[in-house]
Amino acid sequence: MTTLFSRKLKLVLFVLSANLLPFSIGYAQQQVTAVQPSSANISQDLFAEIAQNNQLMLNLEEMCDGIGPRLTGSQQLRQAQQWAMEKLKSYGAVNVHEEAYELGRAWTRGVARVRLLNANGMLLDVQQQAWSDSSPRKTFAEVVVMNVKTLDEFKEIAPRLRGKIVLALSTPKATPEQEKNFKQYSDELNKAIRAADFAAIFFVSGREGNIQDMFGGPNTRYKKNAAIITKEHANLLQRLVARGITPKLEFEFGGRLSKDVVKAYNVVADFPGTELSDETVVLGAHQDSWDLGTGATDNGVGTVVTMEILRAMHALKLKPKRTLRVVLFSGEEQGLLGSKAYLKAHAAEQPKIQAMLTQDAGGGRITGFLDMKVDEWFASLNEAKEQTKELSHLDITYAAGGGSDHQAFFEQGIPAFAPIQDPLDYRSHTWHSQVDTVDHVSKDNLIQNAQVMAAMTWAMLNNRKLPHQAPQVLR
Ligand SMILES: [Zn+2]
């Protein structure tokens, strides 16, 4: 017997018994009111519905294994968006549609082949950085190690970089003085990079064990033959240099930019509210991913959890006060492009956004939330977490953190929250890497994630209005 069924049964039994007591109407009415579904009951119903009927792993496998990586601007992401819209409609969502924004040029991965000619032509683990343009043919060049902190240091060594493969242990950063006029600094650095005219630049992956990293976007600074080399192979090149041997490489990159600029899209779907239906709780996750793995933990998890919450609320025929708005963002990995575009397109509705919630820290259990250092938000999260206490003890932490789509909302002053999760192997392995695959997601954790997010969302949909703040930049 599900919790929902037992609650309905209790209600029916009570109404029956109340009818048997016509002389004590006041008492009966009081009791009927008392058994109206409370938040606690609804949370328990949501927990049961999600535990028993969830489509979490199915959806994760369909999207990640079936459709695959979902780079913003790619056909694969478009396919995943169509898939998500069909699913959301089948879950009872209304107003399901896409919203377009200008991305710039799209980028498609091609071959990446790098050989170390000093060591019998062994292949090095190097991947082209996304949105970097390529030389159209095989290129031979020597490696120079670069370790600079400032623009001045860069300018000083720039003449030695011409025609070389730059192994970048660090890159120039703006000084506090340069930060004040960042545009001027940035233009000057871009000019110096162009003038240096190196053959390629390799950044070093931060992870051990041949784990790759990926980054880049339409506004990337290093535009040609930029790539990421694994730590072990970067160390190999450095050891050669330290012994006075100049590494010679042959490289070939085939990643390419589209000829024309393209649009990217966010998927939007609603589960309508009742008495405050013009107010929304935005439950968002980025559906785009990097393209070396299948984006299972970043952020397949958040995507399927978000979809599951709408499914469960509809299945239970819940009637929230406010409207649940599911948004599957794109362009998160290129700098929160989708969430920023959403906020711009919906600027007039921003005061009516009660809160934004996103889950984007891998596949670990949810252990708490950041309150974003706002006292009223802290109080509200604390109340909401009461609904989850039978699942987990959640810590509401006095801290503000960004790094995902909630940051764009927070910077507009909107209450915006992301959960803290068990780190598992997210930062060390799966995040942005080639091993971001379904293997690293457990069904039990996904269910816990969806249950906690559902209860917190339900509370935000129905609790008192949360105050907004003045817009600010999150540092
Ligand atoms: Zn992410």
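For the sequence shown, the positions run -28 to -1, 1 to 447 when mature numbering (1 follows the signal peptide of the UniProt record, and there is no 0) is used.
The beta carbon of each residue, even a glycine, is placed where N, CA and C say it ideally should be.
Only a predicted model underlies this, so the values are computations on that prediction, with no experimental measurement involved.
- Message: Closer than 5 Å between the C-beta and any heavy atom of ligand 1: which residues qualify, listed along the chain?
- Response: Asp270, Asn271 and Asp332
- Cβ contact (3+ pairs, closer than 8 Å) linking the segment 217 to 233 and the segment 248 to 265: Flag = no, the segment 217 to 233 and the segment 248 to 265 do not touch.
- Query: Excluding five sequence neighbours on each side, which residues of the same chain lie with their C-beta closer than 7 Å to the C-beta of Leu264?
  - Reply: Numbered from its first residue, the sequence shown carries residue 264 at position 292. Only Gln99, Gln184, Met186, Ser405 and Gln406 meet the Cβ criterion.
- Query: Excluding sequence positions up to five away, which residues of its chain have a Cβ less than 6 Å from the Cβ of Pro(-7)?
  - Reply: Numbered from its first residue, the sequence shown carries residue -7 at position 22. Low local confidence applies: a pLDDT of 32 at Pro(-7) is under 50, so the model's placement there is unreliable, with the coordinate-based value given in what follows. So no residue of the chain qualifies.
- Query: Between the C-alpha atoms of Ala78 and Arg436, what's the straight-line distance to the nearest angstrom?
  - Reply: Working through the sequence shown from its first residue, we reach residue 78 at position 106. Working through the sequence shown from its first residue, we reach residue 436 at position 464. Looking at the two C-alpha atoms, the distance is approximately 43 Å.
- Message: Rounded to the nearest angstrom, what separates Lys316 and Leu309 at their Cα positions?
- Response: Here residue 316 refers to the residue found at position 344 when the sequence shown is read from its first residue. Here residue 309 refers to the residue found at position 337 when the sequence shown is read from its first residue. Approximately 11 Å, taken between the alpha carbons.
- Name the two residues that bound the continuous alpha helix (DSSP H) containing Thr275. The sequence position of residue 275 within the sequence shown is 303, counting from 1. Per DSSP, Thr275 belongs to the alpha helix (DSSP H) from Val273 to Ala287.
- Taking Ile22 as part of the alpha helix (DSSP H), name the residues at either end of that continuous run. Here the question's residue 22 lines up with position 50 in the sequence shown. Unbroken alpha helix (DSSP H) run through Ile22: Ser11 to Asn25.
- In angstroms with no decimal places, state the Cα-to-Cα distance between Val66 and Trp403. Locating residue 66 in the sequence shown gives position 94, where the first residue counts as 1. Locating residue 403 in the sequence shown gives position 431, where the first residue counts as 1. The straight-line gap from Cα to Cα measures roughly 33 Å.
- Item | Contact check, Val115 vs Thr143, beta carbons under 9 Å | Reading the sequence shown from its first residue, position 143 is the one you call residue 115. Reading the sequence shown from its first residue, position 171 is the one you call residue 143. The criterion of a C-beta distance shorter than 9 Å is not satisfied by Val115 and Thr143.
- Message: Just verifying my parser: in three-state terms, what is the DSSP assignment at Met94?
- Response: Position 122 of the sequence shown, counting from 1, holds the residue named residue 94. DSSP places Met94 in strand when its eight states are reduced to three.
- Is the segment 161 to 174 in contact with the segment 271 to 283, if contact means three or more CB pairs nearer than 8 Å? no
- Item | Candidates Arg132, Ala313, Leu139 and Arg337: closest to Arg211 by CA position | For this step, residue 211 is matched to residue 239 along the sequence shown. For the options Arg132, Ala313, Leu139 and Arg337, the alpha carbon positioned closest to that of Arg211 is the one of Leu139.
- Task: Write down every uninterrupted run of the beta strand (DSSP E) in the segment 390 to 432 whose length is 3 residues or greater and which is fully enclosed by it, in chain order.
- Result: 391 to 393
- Rounded straight-line distance, which links the Cα of Ser106 to that of Lys196: Taking the sequence shown and counting its residues from 1, the one referred to as residue 196 is at position 224. Taking the sequence shown and counting its residues from 1, the one referred to as residue 106 is at position 134. When rounded, the separation of the alpha-carbon atoms in Lys196 and Ser106 is 6 Å.
- Query: Beta-carbon separation of Leu418 and Gly335 under 9 Å?
  - Reply: Taking the sequence shown and counting its residues from 1, the one referred to as residue 418 is at position 446. Taking the sequence shown and counting its residues from 1, the one referred to as residue 335 is at position 363. In contact: Leu418 and Gly335 (Cβ atoms closer than 9 Å).
- Item | Three-way DSSP call (helix, strand, coil) for Arg132 in this model | Here residue 132 corresponds to residue number 160 of the sequence shown, with the count starting at 1. Under the three-state reduction of DSSP output, Arg132 falls in the helix class.
- Going by alpha carbons, who is nearest to Asp377 out of Val410, Asp270, Glu362 and Thr409? As a position in the sequence shown, residue 377 is number 405, starting the count at 1. Taking only the C-alpha atoms, the option nearest Asp377 is Asp270.
- Query: So Gly310 is in the alpha helix (DSSP H); what residue range does that whole segment cover?
  - Reply: Position 338 of the sequence shown holds residue 310. Here the alpha helix (DSSP H) through Gly310 covers Leu309 to Ala317.
- Helix, strand or coil at Ser158 according to DSSP, with G and I counted as helix: Walking along the sequence shown from the start, residue 158 turns up at place 186. Note: Ser158 maps to helix in three-state DSSP.
- Contacts around Gln441, its chain only, beta-carbon distance under 7 Å, and the 5 residues preceding and following it disregarded: Walking along the sequence shown from the start, residue 441 turns up at place 469. The residues are Val346 and Gly385.
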